[in-house]
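To start, the structure itself, in structure tokens.
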Amino acid sequence: QFGEKFFMNLDRNSALKLVNLHILPRVVTKSTLTGRRVAVLDTKNPQSQISMMNNKGNISLISSNKKLNIISDEIRKNNGIIYVIDGLFVPENFCY
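So the sequence shown is numbered by this note's numbering: it starts at 44 and just counts up by one.
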């Protein structure tokens, strides 16, 4: 959906803004996600939240009117957990 040109044209502030739409300020484990049916998660961007829906272990994330799916198991790092999702949350009014 987003080509190389999109990412190459991002300045530092726009890139950080985009990344912060996808980062949570706390560690959330897969067991925490699968233990709930629905949850609202704050992101590192103060104007953004991600809604999480658990459908029998399939986790969907919703933000900016876009639904994405977690497509990997958790990847544990010493400073957090990474989940691979099948897209990017880019708000309609996102400018770079």
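Note that CB positions come from ideal geometry on N, CA and C, so glycine has one too.
Between which two residues does the alpha helix (DSSP H) carrying residue i extend?
i   : result
L59 : 55-63
L76 : 73-77
From what residue to what residue does the beta strand (DSSP E) around residue i run?
i    : result
S103 : 101-106
I125 : 123-125
L67  : Note, L67: premise wrong, no beta strand (DSSP E); not H, not E.
According to the neighbour-count rule (16 or more other Cβ atoms, all chains shown, within 10 Å of its Cβ), is residue i buried or exposed?
i    : result
S106 : buried
K60  : buried
M88  : Note that residue 88 corresponds to Asn in the displayed sequence, not to Met. Under this definition N88 is a buried residue.
Looking only at its chain, what residues have a beta carbon closer than 7 Å to the beta carbon of residue i, apart from the 5 residues adjacent to it on each side?
i   : result
L76 : M95, N97, I102
Under three-state DSSP, which class holds residue i?
i    : result
K48  : helix
I118 : strand
Q92  : strand
L131 : coil
N136 : coil
K87  : coil
Thinking residue i and residue j are a contact (beta carbons under 8 Å), I'd like their distance in whole angstroms, please.
i    : j    : result
S115 : V127 : 4 Å
F70  : L84  : The question names Phe, but residue 70 is Val in the sequence shown. V70 to L84, Cβ: 12 Å. No contact.
Only counting the same chain, and skipping five residues up and downstream in sequence, which positions put a Cβ closer than 6 Å to that of residue i?
i    : result
G130 : L111
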